[in-house]
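To start, the structure under review is shown below, and the notes come after it.
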Amino acid sequence: MLHQYRLNGRNIVLDACSGAVHVVDDLAYDVIGLFENHTAEQIVEALKGRYPENEIRECAEEVGQLKAAGRLFAPDTFAPIAGELKSRTAGVVKALCLHVAHTCNLNCSYCFASQGRYHGERALMSFETGKKALDFLVAHSGTRRHLEVDFFGGEPLMNFDVVKQLVAYARSIEKEAGKQFRFTLTTNGMNIDDDVIDFCNRECHNVVLSLDGRKEIHDFARVDYQGRGSFDRVVPKFQRLVEKRGGKNYYMRGTFTHRNPDFLKDIMTMLDLGFTELSMEPVVCAPDDPAALTAEDLEIVKQQYEELAVLMDERRKEGRPFTFYHYMIDLTGGPCIYKRVSGCGSGTEYLAVTPTGELYPCHQFVGEERFRLGSLDEGITKPDTQTEFANTNVYTREECRDCWARLWCAGGCAANAWHATGSINGVYKAGCELFRKRMECAIWLEAVRLSDGQEA
Amino acid sequence: MAHIQTLPTRDLCESAKNGGCGECQTSCQSACKTSCGIANQKCENQKTEK
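As they're listed, the protein sequences go chains A and B. Residue 319 in this note's numbering sits at position 311 of the first sequence, and the numbers go up by one each step. Residue 131 in this note's numbering sits at position 47 of the second sequence, and the numbers go up by one each step.
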């Protein structure tokens, strides 16, 4: 399957199944569009008013060569291996989202976790429960070396002592177990101090810092329980943390809603504040929520994605590059086809653990009783539910079959699908639309960078 | 080629031969937590065909 698009003066042809990306001139763009359903003579006939005949023939030959080499019109032969990775590694868990605090010191209006409570009671994870979770992870990780643990909430720094103890425990067992833990901390920043900064910079592979961009946008949603905005309190702390981070991974992560589909202004604010590793995510909420993005908003957002790509290209050329999480693609070193067809791993290699040790397929399902898989004490008590997740992949979603981006999203987010359609095998169409636009922009950026001969 | 510039990319068909070690980062253990994309992950297979 091919995807052809024009963006900012470039003609790009993506061969979905081989993963090949071609930057082509107008003639090749037109020839490729006709190639599969027309003979060479028909193509010449159709295009000879616009291009010299000898060039059309030359171009058709080039297209034919790429097809023969499997770099254009490659067939999708991957369906048989779609379930293979998961079945080969059934029972293996390599990543946990550790909900160390189901409580929060902010009261953000759009929070999918209901101010950290996930529809339940406020709770903090004990060290004993966290330790059991880490032992569970090591015990179920099979031959995986890299184990990922995300300290999440709620606000994980409301239980910082336990976080520190758990990291110390993990470090004490990882060598003997032949594992390497990678920790991520996601925080709203309110409780950041020098102790937290030193800890994060020493122990955390990645830190995710929640900032929505412009002060008025951030402060509208990200308020404390007195209704006061948090921007002025968290920004200096984030700046200090990033300054001391010395180049290690971090992301400023914002959420955009109906109030700010023009989120590029928020990206600009983050840049002005000195941050360069950025992520802005569309809000996840019910369609009737005032924060929900409307159809009109989505059009604005798509335009913003294009403008963001142009800005990134300009900044790169000026020697002031920045990163946008969704535009990070590695065309030569990205994931293999097994990863691309087998889905995100929720409910199988990735589980969420609540403060009381309950297991869910991922953080977005926490509190949904239908998806409670079991607990650290009982193990998996709903194997059928886990099997549903194991059996989900890019080929089990009807809508993905005709989508050129399916090997870039691996079938999308099961939680989004469930919220939108009532099935984890559905698709969240608005999310797909934005995902495709992001991929077009990300590939355009790489195409510009590489075709300009300016390797980073 | 005169009309087509092919960028260097990983051949997905070829990656079927040695792929599937499962060492790469789990999709949501990064920055998003609310969507799925695997495009921005790095291959961590030590026996990759590259």
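Idealized CB from N, CA, C, for every residue including glycine.
Exercise. Using DSSP with H/G/I as helix, E/B as strand and the rest coil, what is Q130(B)?
Worked result: Against the second sequence, residue 130(B) aligns to sequence position 46. The three-state secondary structure of Q130(B), taken from DSSP, is coil.
Problem set entry | For Q89(B), the three-state DSSP class (helix, strand or coil) | Residue numbering aside, residue 89(B) sits at position 5 when the second sequence is read from its first letter. It is a strand residue.
For this session: Tell me whether the beta-carbon of L209(A) lies closer than 9 angstroms to the beta-carbon of Y259(A).
Result: Taking the first residue of the first sequence as position 1, residue 209(A) is located at position 201. Taking the first residue of the first sequence as position 1, residue 259(A) is located at position 251. Checking the sequence shown, residue 209(A) turns out to be Asn, not Leu. Not a contact, by the Cβ cut-off of 9 angstroms.
For this session: List the residues that DSSP assigns as beta-bridge partners of F160(A).
Result: The count along the first sequence starts at 1 and reaches residue 160(A) at position 152. BP columns for F160(A) point to H107(A).
Exercise. Whose Cβ in chain B lies nearer than 7 angstroms to the Cβ of M336(A)?
Worked result: Residue numbering aside, residue 336(A) sits at position 328 when the first sequence is read from its first letter. Simply N124.
For this session: Determine the chain B residues that contact W309(A) at a beta-carbon separation under 7 angstroms, and present them in chain order.
Result: The residue you call residue 309(A) lines up with position 301 of the first sequence. For the sequence presented, residue 309(A) should be read as Val rather than Trp. Ordered by position in chain B, no residue passes the 7 angstroms Cβ test against V309(A), which lies about 13 angstroms from the chain.
For this session: For K223(A), collect the residues of the same chain with a Cβ closer than 8 angstroms to its Cβ; drop the 5 residues on either side in sequence, then sort them by chain order.
Result: Working through the first sequence from its first residue, we reach residue 223(A) at position 215. These residues qualify, in order along the chain: G237, F239, D240, T277.
Problem set entry | Chain-order list of residues whose beta-carbon lies under 7 angstroms from that of A252(A) (same chain, five-residue window excluded) | Taking the first residue of the first sequence as position 1, residue 252(A) is located at position 244. Looking at the sequence provided, one finds Lys at residue 252(A) rather than Ala. If we look at K252(A) and ignore the five residues flanking it on each side, its Cβ neighbours are I205, N209.
Exercise. What residues from the region 351 to 371 of chain A come within 9 angstroms of chain B, judged by C-beta to C-beta, listed N to C?
Worked result: Of all residues in the region 351 to 371 of chain A, only G351, C352, G353, S354, E357, Y358, C370, H371 place a beta-carbon less than 9 angstroms from a beta-carbon of chain B.
For this session: With DSSP collapsed to three states, give me the class of G72(A).
Result: Locating residue 72(A) in the first sequence gives position 64, where the first residue counts as 1. Note: G72(A) maps to helix in three-state DSSP.
Exercise. Between M447(A) and chain B, is there a C-beta pair that is closer than 9 angstroms?
Worked result: Within the first sequence, numbered from 1, the residue matching residue 447(A) stands at position 439. Chain B contact via Cβ: present.
Exercise. With a CB to CB cut of under 6 angstroms and the five nearest residues on each side skipped, what residues in its chain are close to Q372(A)?
Worked result: Residue 372(A) sits at position 364 when you count from the first residue of the first sequence. Excluding residues within five positions, the ones whose Cβ falls inside 6 angstroms are A423.
For this session: Pull up the DSSP beta-bridge partners for V21(A), would you.
Result: Translated into the one-based positions of the first sequence, residue 21(A) becomes position 13. Beta-bridge pairing links V21(A) to Q12(A), H30(A).
For this session: Taking R241(A) as part of the alpha helix (DSSP H), name the residues at either end of that continuous run.
Result: Sequence index remark: in the first sequence, residue 241(A) carries index 233 (1-based). That run of the alpha helix (DSSP H) goes 239 to 253.
For this session: List the residues of chain B that V242(A) touches, going by C-beta distances under 7 angstroms, in chain order.
Result: Locating residue 242(A) in the first sequence gives position 234, where the first residue counts as 1. Those within 7 angstroms of V242(A) in chain B number zero; the least Cβ separation is about 17 angstroms.
Exercise. How many angstroms separate the CA atom of C119(A) from the CA atom of E92(A)?
Worked result: In the first sequence, counting from the first residue as 1, residue 119(A) sits at position 111. In the first sequence, counting from the first residue as 1, residue 92(A) sits at position 84. The straight-line gap from Cα to Cα measures roughly 36 angstroms.
Exercise. Counting only beta-carbon atoms, is T97(A) nearer than 9 angstroms to chain B?
Worked result: Numbered from 1 along the first sequence, position 89 holds the residue referred to as residue 97(A). Yes, T97(A) counts as interfacial toward chain B.
For this session: Check whether the Cβ of K139(A) lies closer than 8 angstroms to any heavy atom of the ligand FMN, and answer yes or no.
Result: For the structure depicted, the ligand FMN is absent and the ligand set is empty, with no information on it obtainable.
Exercise. If contact means a Cβ-Cβ distance below 7 angstroms, which residues of the region 32 to 46 of chain A contact chain B?
Worked result: V32, D33, L35, A36
Problem set entry | Neighbour flag for W452(A) against chain B, beta carbons, 9 angstroms | As a position in the first sequence, residue 452(A) is number 444, starting the count at 1. Taking Cβ atoms only, chain B never reaches closer than 9 angstroms to W452(A), which makes this a no.
For this session: Report yes or no: do three or more beta-carbon pairs, one from the region 98 to 115 of chain B and one from the region 340 to 350 of chain A, lie closer than 8 angstroms?
Result: yes
For this session: Could you say if the region 327 to 335 of chain A and the region 282 to 298 of chain A meet the contact criterion of at least three C-beta pairs nearer than 8 angstroms?
Result: Touching, yes.
Exercise. Within 9 angstroms (strictly less), CB to CB, does G342(A) reach chain B?
Worked result: Position 334 of the first sequence, counted from the first residue, corresponds to residue 342(A). Yes - at least one Cβ of chain B is within 9 angstroms of the one on G342(A).
Exercise. Mind pulling the chain B residues with CB within less than 8 angstroms of E92(A)?
Worked result: Against the first sequence, residue 92(A) aligns to sequence position 84. Under the 8 angstroms cutoff, chain B gives G104.
Exercise. Where does G41(A) fall in DSSP's three states?
Worked result: Here the question's residue 41(A) lines up with position 33 in the first sequence. Helix, per DSSP.
Exercise. Does W426(A) come within less than 9 angstroms of chain B when only Cβ atoms are used?
Worked result: Along the first sequence, one-based indexing puts residue 426(A) at 418. Judged by the 9 angstroms Cβ criterion, W426(A) is not in contact with chain B.
Exercise. CA-CA distance, T429(A) and Y436(A)?
Worked result: As a position in the first sequence, residue 429(A) is number 421, starting the count at 1. As a position in the first sequence, residue 436(A) is number 428, starting the count at 1. T429(A) and Y436(A): Cα-Cα distance of roughly 7 angstroms.
Problem set entry | the region 92 to 110 of chain A in contact with the region 155 to 171 of chain A per 3-pair CB rule at 8 angstroms | yes
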